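Q:
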Amino acid sequence: MPFNHLWATWRSEYVQGIEQMREEDSGSDGITDSGQTLFERILHSGLPDTETYIVRRDSECFVMLNRFPYTAGHSMVLPNRAVAALEDLTAAEQDQLWQLVRDAVVALKVGMACDGVNVGMNLGIVAGGSQADHLHVHVVPRWEGDVNFMTVAGETRVLPLSLDEAWNMIRGAWPRE
Numbered sequence: 811m812p813f814n815h816l817w818a819t820w821r822s823e824y825v826q827g828i829e830q831m832r833e834e835d836s837g838s839d840g841i842t843d844s845g846q847t848l849f850e851r852i853l854h855s856g857l858p859d860t861e862t863y864i865v866r867r868d869s870e871c872f873v874m875l876n877r878f879p880y881t882a883g884h885s886m887v888l889p890n891r892a893v894a895a896l897e898d899l900t901a902a903e904q905d906q907l908w909q910l911v912r913d914a915v916v917a918l919k920v921g922m923a924c925d926g927v928n929v930g931m932n933l934g935i936v937a938g939g940s941q942a943d944h945l946h947v948h949v950v951p952r953w954e955g956d957v958n959f960m961t962v963a964g965e966t967r968v969l970p971l972s973l974d975e976a977w978n979m980i981r982g983a984w985p986r987e
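Following this note's numbering, the numbering of the sequence shown begins with 811 at its first residue and continues without gaps.
1. Please determine, among Ala942, Met922, Arg877, Val916, the residue with the shortest C-alpha to C-alpha distance to glutamate 861.
2. Based on DSSP bridge pairs, tell me the residues matched to methionine 931.
3. In its own chain, which residues sit with a C-beta less than 8 Å from the C-beta of alanine 892, not counting the 5 before and 5 after it?
4. Could you tell me the boundaries of the beta strand (DSSP E) in which leucine 875 lies?
5. Spatial neighbours of leucine 973 within its chain, please: C-beta separation below 6 Å, excluding the five flanking residues on both sides.
6. Would you call histidine 946 buried or exposed, if buried means 16 or more other Cβ atoms sit within 10 Å of its Cβ?
7. According to DSSP, is valine 920 part of a helix, a strand, or is it coil?
8. What do you get for valine 950, buried or exposed, if any count of 16 or more other CB atoms within 10 angstroms of its CB means buried?
9. Checking 9 Å against the spacing of the C-beta atoms, do leucine 933 and leucine 896 come in under that value?
10. Take arginine 912 as the anchor and find which of Leu853, Tyr880, Val873, Asn890 has the nearest alpha-carbon.
11. What is the DSSP secondary structure of threonine 842, counted as helix, strand or coil?
12. Could you work out which residue in Asn890, His884, Gly921, Asp925 is closest to histidine 854 when comparing CA atoms only?
13. With 16 other CB atoms within 10 Å as the buried threshold, where does alanine 902 fall?
14. How long is the line joining the alpha carbons of proline 858 and isoleucine 852, rounded to whole angstroms?
15. Secondary structure at glycine 982, three-state DSSP: helix, strand or coil?
16. Compare the C-alpha of serine 869 against each of Gln941, Val915, Ser885, Asp905 and name the closest.
17. Please list, in chain order, all residues of the same chain as proline 985 whose beta carbon is under 6 Å from its beta carbon, the five residues on each side excluded.
18. When the distance is taken between beta carbons, is glycine 883 closer than 9 Å to cysteine 924?
19. Measuring straight from C-alpha to C-alpha, what distance separates alanine 976 and isoleucine 935?
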């Protein structure tokens, strides 16, 4: 059964921005010339955090919203440096990564009033990692009753908040500044 779509025209700016980034960073064959991962390009783009949806920047790691979320507020915690394997993190990166995961959970619970949170990683392509060259921890808010027929039967996700709204809610509830 094909995946159905609900139109979300507010995302057109994002799609156009990614296409521009690809044109600037890619050759005619579409392969990135910069040598940076997608997440490094976003982190170092020079764009304001309100446009990249980076919620928090720290010395070793950062937090950003997922542009293609499972649900509103779906966040990712990543090292600033492209590291594919968990065991290749430095001690400082590891400490800060897990501190930011904790902070993201707190911010989601406070800012979005979620009932629970899924925290997880897909390490490697075979584990489901679509960006396997730069590890990231998914922090996904969940609400009682949030699983409905649309995802299961209609293969469609309904997102009740825009990325801007979710960014403002999470950023405003961040536990340490």
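Note that beta-carbon positions come from the ideal geometry of N, C-alpha and C, so glycine has one too. The model shown is predicted, which means the values in this text are computed figures rather than measured ones.
A: Taking the coordinates as given:
1. Checking every option, the nearest Cα to that of glutamate 861 belongs to Arg877.
2. DSSP output for methionine 931 lists no bridge partner at all.
3. Residues Gln846, Thr847, Phe849, Glu850, Asp943, His944 of the same chain have their beta carbon placed closer than 8 Å to that of alanine 892, with the five preceding and five following residues left out of the count.
4. 871–875
5. Tyr863, Leu875
6. Classification of histidine 946: buried, given that the 10 Å Cβ count is 16 or more.
7. helix
8. Residue environment analysis places valine 950 among the buried positions, since at least 16 neighbouring C-beta atoms fall within 10 angstroms of its C-beta.
9. yes
10. The shortest CA-to-CA distance from arginine 912 to any of Leu853, Tyr880, Val873, Asn890 is the one to Val873.
11. Any reading at threonine 842 must be qualified, since the residue scores a pLDDT of 45, below 50, and its modelled position is unreliable; the value itself is stated next. Threonine 842: strand per DSSP, three-state reduction.
12. Asn890
13. Flag for alanine 902 reads exposed.
14. In a straight line, the C-alpha of proline 858 is about 10 Å away from that of isoleucine 852.
15. Three-state DSSP puts glycine 982 in a helix.
16. Distances from the CA of serine 869 to each of Gln941, Val915, Ser885, Asp905 were compared; the closest alpha carbon is that of Asp905.
17. Asp913, Val916
18. yes
19. 28 Å
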